[in-house]
Structure formats: structure tokens, C-alpha cells
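The sequence shown begins at 0 in numbering that gives the first Met the number 0 and counts up by one.
Every residue gets a Cβ at the ideal spot worked out from N, C-alpha and C, and that includes glycine.
Please read the structure below before turning to the comments.
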Amino acid sequence: MLVTDEGTELLGRTPRDLNLADLVRLSTLRHPDAPALHAGARAVTWQELDSAVTAFAAGLLRQGLQPGDRVALCLGNGPAFVVSYFGALRAGLAAVPLNTSYTPTELGALVAASGPALVVAEPDTADAVAEGVAERAPVAVVGEPSYDGIVRAGSRADAPPLPDPSRFDPESLAVLLFTAGTAGPPKGAMLSHRAMLANLTQLLALEPAPIDRDDVLLLVLPLFHVYALGTGLGLAAAVGACCVLAERFDPRATLDLVQERGVTNVLGAPPMYVAWSREPDLAERLSGVRTLVSGAAPLAPGVLTLLTERLGRPVWEGYGMTEASPVVATTLGTGRAKPGSVGRPLPGVEVRLMDEDGHLVDDGDPGEIEVRGANLFSGYWPDGTGGPGTDGWWATGDVAYADEDGDLHLVDRRRDLILVSGFNVYPFEVETVLGAAPGVAEAAVVGIPDEESGSAVKAYVVPLAGQEIDRAALSAYAAERLARFKCPREIEVVDSLPHSATGKVARSRLREAMARD
0 MLVTDEGTEL LGRTPRDLNL ADLVRLSTLR HPDAPALHAG ARAVTWQELD
50 SAVTAFAAGL LRQGLQPGDR VALCLGNGPA FVVSYFGALR AGLAAVPLNT
100 SYTPTELGAL VAASGPALVV AEPDTADAVA EGVAERAPVA VVGEPSYDGI
150 VRAGSRADAP PLPDPSRFDP ESLAVLLFTA GTAGPPKGAM LSHRAMLANL
200 TQLLALEPAP IDRDDVLLLV LPLFHVYALG TGLGLAAAVG ACCVLAERFD
250 PRATLDLVQE RGVTNVLGAP PMYVAWSREP DLAERLSGVR TLVSGAAPLA
300 PGVLTLLTER LGRPVWEGYG MTEASPVVAT TLGTGRAKPG SVGRPLPGVE
350 VRLMDEDGHL VDDGDPGEIE VRGANLFSGY WPDGTGGPGT DGWWATGDVA
400 YADEDGDLHL VDRRRDLILV SGFNVYPFEV ETVLGAAPGV AEAAVVGIPD
450 EESGSAVKAY VVPLAGQEID RAALSAYAAE RLARFKCPRE IEVVDSLPHS
500 ATGKVARSRL REAMARD
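Encoded structure:
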């Protein structure tokens, strides 16, 4: 169970009625003086975290924000993110995490789409946020009066009361996370408190559970990503484990942190494990780690095998997506870290593989993954379209097959989506930027394999008649307008691009041509 009988009695609530921020309160009631966060030299206990969350929540309400409003967070992996995130939820608001590497143009587009009542930034992101947000919403910067004043106002004796827990609706929006489609702008997946709590319950129903209150979890993956936010921070809060926060990944520095803080659980992604696999003393450095998990993108079978041999224990893989809050399946559920497999669905999650005609595929055949469970999202912002059907099933657009053991193997991610270090890159956005560059008549973008990041972006560009394209200049043009992980790793200038009968660029034919080459 996510919440024990003792915890339920302490709050006077039932598990189904919980706000995600109640997890912080529960951990505080159980062990107030235990460490909740380690960030650099700073340690924060659960009692200190809970008090800061309450002060920020009350301060937001004093600012005039109303339940249902949205608070955008452009923050790195520090205590400010945790406090702002849970504080917004405790105030009855919804959090909108934003990628801290986004350009002002990208940030502005997401702020315009989500309509937050406040944007929280930090010194490292303040300039980009200020430029991108412009007059769309007020900005509070951590460490400056705009942010500190909110906390002080919420700490006063006359701070406004927080929303009545007895009137809380678990179907209310908790997190709005923008995820890429294969065409058109990013879509905001609406994750309710119900959905995110359900996924935590499903993960903790695994035997053995992936984490417990005595564990120390490394969180170097960005908290603005659903993987670290739900599977990392959410799980730690649910059981009262300690989170070691790191702003960025450096192979040796992060291994130092693992040893210094006594990390027992690592939440990772393939680029981390690829980099670590090159460290000669890796086995010694990770000797105190009990559980290693990889997600967000497939881990190359060769890397998995190498790490298993060197460490004497497996790296567990999983499959998920933003719309599932996020985990659907994991090898933790099978006890087999099988190369190329993402394991089986979590307890309480149903998966079926369907053919193009809407029928179940034959055993061993690939089919589109459809998912049903309480962890599914409520549809896309703002009107809830595109969510699960009336029967509860939702088609992911991903293709997989089940082997003779019943373990799932991904055949392909969404047809055109490119996963770079676990982050979604949709071709339409990159093509739009490149197509607006001087001298470019048309552009098409596809994914190519990359050992470090899983995939990288390759662009095919057609020059305007009578003009030449300087690839270095075009790369610089893209870098000014796109986050680094979206920028093309390779640019190939071609005379023409293949098109479908309707005039759309046929990316599938480009991929087929690359495969032949």
C-alpha cells in the first residue's frame, strides 16, 4: 500500500483522497528529523521541508493565486524545485515543469500555451525566462525578493488558510507536462493527483519494492522530466527516503557523490551508464548501491551486459511515457534484466498489443501497445482530448512484441519521434526552425543512432534555387533557436526530399534510404 493504516489515521484521510503534497506531510509525521534532501553541503529534514512547502503554499495564495491556477517551474535540481513543486500542489494549484535548457522562444511558447499565473525561475534561468515570458505572467526568481517575499508572506501568522482537505478532488490537475507529438506543437499531458499516486502505488506493489524509507536515492536526472519527478521524487516522498540532488551529471563527480552520501538507489538513463561503463573503478565506486534503474530510452544490450558483468548485479530497465505518469512496465517485475526487454506491466496496469485493424496480435507478433490503468492521464490540455477511451484503453503509438516468457520488447518508439537522452524531439519543430533559415527551401528531420544519447537528430535540407547552404552557419542558426539536444548532429544538403501523395515529406523513405546505405 502507498499509505499505511498508521499514515492514513495520522492525516485523517483515505489513500484515494490524497494530494501529492500530503506525501511530504506523511513522511514528516513518521520521521520528522530524518533527511529528506541533500543538495551540495545542505541537508534538509522532512520537518524543514514540510514547513517550507506550507509557507510557499500559503504565500502563493496571499499573492492572489486561486485553486486550479498553474505555476510554471523553470528550476534545476535543488531544494527550490522541491519546495515550489509541492508548495504549488499543497495550495491546490497545478505545476508546469519547464525544461531549463529551453531557449526564450521555446519557454515563451509553453508559457503562452499553459497560461500560468506565476513562473518560478532561478538565477541560471531568469534571463531566458524573462525574455521568453515577457508580459504573459509575473516571474519570481529564487534568492530575490520576488521569490523570498512569497515565502515570508506565507510564514506570517496571518497567512491565508490552505484549501480544506475534505473538499479536495483527486481528479484535479496536479502536473501539466508538455510532451511531443509527431506533428504540430508540443501537447500538454494533464496528470491528476489520482494518476500520479496510482503509479506510485503500482511501483510499490512490486516485490521487492524498488525503494524503502532507509534508502538514499540519487537524483541527477532533471526533475522537470516526468521520469525523475514521478519515479524519483514521488517515490522517495511516498516512503520517506532521502534524495541526493545533483544539478548536472559528470561521471566521476557523480560517483564521488554516490560514495560520499551513501547512495543505495540510482535512477539513471542510458547516457549515464554509457559514461560510467568507461570508469575503471566502477565496481568499487558503486559497491554500496543496491538498485540501479535505467529508463527514458532503451539501454544498448551491449552496455547492459558489460555493466552486469562488471558490477555483478543487473541494471533494471523499464518502459513508460508522460501520459502514464510515467511507468508502464519494468524488468523489476520479472526479476530478469534481459537485454532488449522492458519486462512486464506493473501490478494494476494492463497492456495489450493490437494490429492495424484493432485486433489482438498473434503470440510473438509485434503490435501497437495499448495501456489501461488508474495511472493514465486525463487527456491533453486544455480540454482533455486524446485521453483514454470510454473503455479505459489508450493507444501509445509504440510498437512491441512479447517473447516466450511474456516479456515486452520495444520494436519502435512513435514512428517519427526522436528520443535524445530520454528527451522528446519532434521533427516538425526542428524542421520549422531550419526552414526559416536563410537559403533553405525545405528541411526534413529524422533520428540516427548515437552511442551516448541513444539517438541524435539528422537534418536533410534543400537549398533555395541558385543558393548554397553553409552547414556551419545553419548549425549556429539552429543553436540560437533550439535547445542543444534538439539541434541537428548532422546536416546533409540534398537536391530534393521525398513526398507523399498529399505533399508531406515522407520521413519513412528517408529512414529507409539511410538503412540501405
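Strand pairing of residue i, partner residues [DSSP]
{"i": "residue 344", "result": "328"}
{"i": "residue 519", "result": "This structure cannot speak to residue 519, because the chain is shown only from 0 to 516."}
{"i": "residue 186", "result": "178"}
{"i": "residue 407", "result": "342, 401"}
{"i": "residue 393", "result": "370"}
{"i": "residue 353", "result": "359, 367"}
{"i": "residue 492", "result": "460"}
{"i": "residue 191", "result": "172"}
{"i": "residue 95", "result": "71"}
{"i": "residue 139", "result": "119"}
{"i": "residue 101", "result": "The partner list for residue 101 (beta bridge, DSSP) is empty, contrary to what the question assumes."}
{"i": "residue 379", "result": "188, 384"}
{"i": "residue 439", "result": "462"}
{"i": "residue 422", "result": "419"}
{"i": "residue 498", "result": "504"}
{"i": "residue 444", "result": "458"}
Whether residue i touches residue j by CB criterion (8 angstroms)
{"i": "residue 519", "j": "residue 31", "result": "With the chain covering only 0 through 516, there is no way to say anything about residue 519."}
{"i": "residue 198", "j": "residue 239", "result": "no"}
{"i": "residue 434", "j": "residue 468", "result": "no"}
{"i": "residue 244", "j": "residue 318", "result": "no"}
{"i": "residue 117", "j": "residue 106", "result": "no"}
{"i": "residue 115", "j": "residue 95", "result": "yes"}
{"i": "residue 485", "j": "residue 445", "result": "no"}
{"i": "residue 452", "j": "residue 270", "result": "yes"}
{"i": "residue 531", "j": "residue 305", "result": "In this structure the chain extends from 0 to 516, so residue 531 is not present and cannot be described."}
{"i": "residue 436", "j": "residue 476", "result": "yes"}
{"i": "residue 16", "j": "residue 169", "result": "yes"}
{"i": "residue 231", "j": "residue 216", "result": "yes"}
{"i": "residue 257", "j": "residue 288", "result": "yes"}
{"i": "residue 487", "j": "residue 457", "result": "yes"}
{"i": "residue 236", "j": "residue 23", "result": "yes"}
{"i": "residue 459", "j": "residue 416", "result": "no"}
{"i": "residue 282", "j": "residue 260", "result": "no"}
{"i": "residue 102", "j": "residue 471", "result": "no"}
{"i": "residue 377", "j": "residue 386", "result": "yes"}
{"i": "residue 296", "j": "residue 266", "result": "no"}
{"i": "residue 110", "j": "residue 141", "result": "no"}
{"i": "residue 347", "j": "residue 372", "result": "yes"}
{"i": "residue 253", "j": "residue 302", "result": "no"}
{"i": "residue 90", "j": "residue 25", "result": "no"}
{"i": "residue 87", "j": "residue 48", "result": "no"}
{"i": "residue 104", "j": "residue 73", "result": "no"}
{"i": "residue 209", "j": "residue 331", "result": "yes"}
{"i": "residue 410", "j": "residue 338", "result": "no"}
{"i": "residue 432", "j": "residue 480", "result": "yes"}
{"i": "residue 357", "j": "residue 246", "result": "no"}
Rounded distance between the beta-carbons of residue j and residue i, thought under 8 angstroms
{"i": "residue 418", "j": "residue 393", "result": "19 angstroms between Cβ atoms; not a contact."}
{"i": "residue 367", "j": "residue 395", "result": "7 angstroms"}
{"i": "residue 300", "j": "residue 275", "result": "16 angstroms between Cβ atoms; not a contact."}
{"i": "residue 380", "j": "residue 189", "result": "6 angstroms"}
{"i": "residue 327", "j": "residue 262", "result": "With 8 angstroms as the limit, residue 327 and residue 262 do not qualify as a contact, their Cβ atoms being about 26 angstroms apart."}
{"i": "residue 136", "j": "residue 119", "result": "Not quite, the Cβ-Cβ distance comes to about 10 angstroms (not below 8 angstroms), so this is no contact."}
{"i": "residue 268", "j": "residue 293", "result": "6 angstroms"}
{"i": "residue 92", "j": "residue 321", "result": "About 20 angstroms; that fails the 8 angstroms criterion."}
{"i": "residue 192", "j": "residue 171", "result": "6 angstroms"}
{"i": "residue 463", "j": "residue 440", "result": "5 angstroms"}
{"i": "residue 586", "j": "residue 100", "result": "Examination of residue 586 is not possible in this model, given that the chain is present from 0 through 516 alone."}
{"i": "residue 493", "j": "residue 461", "result": "6 angstroms"}
{"i": "residue 159", "j": "residue 29", "result": "At roughly 28 angstroms, the Cβ-Cβ gap does not stay under 8 angstroms, so residue 159 and residue 29 are not in contact."}
Inset, instruction - Report yes or no: do three or more beta-carbon pairs, one from the stretch 394–408 and one from the stretch 334–349, lie closer than 8 angstroms? - result: yes
Legend entry - Ordered list of beta strand (DSSP E) runs contained in the stretch 210–280, each at least 3 residues: 215–218, 241–244, 264–267
Inset, instruction - Report yes or no: do three or more beta-carbon pairs, one from the stretch 142–155 and one from the stretch 43–62, lie closer than 8 angstroms? - result: yes
Inset, instruction - Kindly provide the ranges of any beta strand (DSSP E) runs that are 3 or more residues long and lie completely inside the stretch 280–320, ordered along the chain. - result: 290–293, 315–319
Legend entry - Three or more C-beta pairs below 8 angstroms linking the stretch 443–462 and the stretch 201–214: no
Legend entry - At least 3 beta-carbon pairs within less than 8 angstroms: the stretch 219–229 vs the stretch 73–86: yes
Legend entry - Contained beta strand (DSSP E) runs [length at least 3] in the stretch 32–72, N- to C-terminal order: 34–38, 41–44
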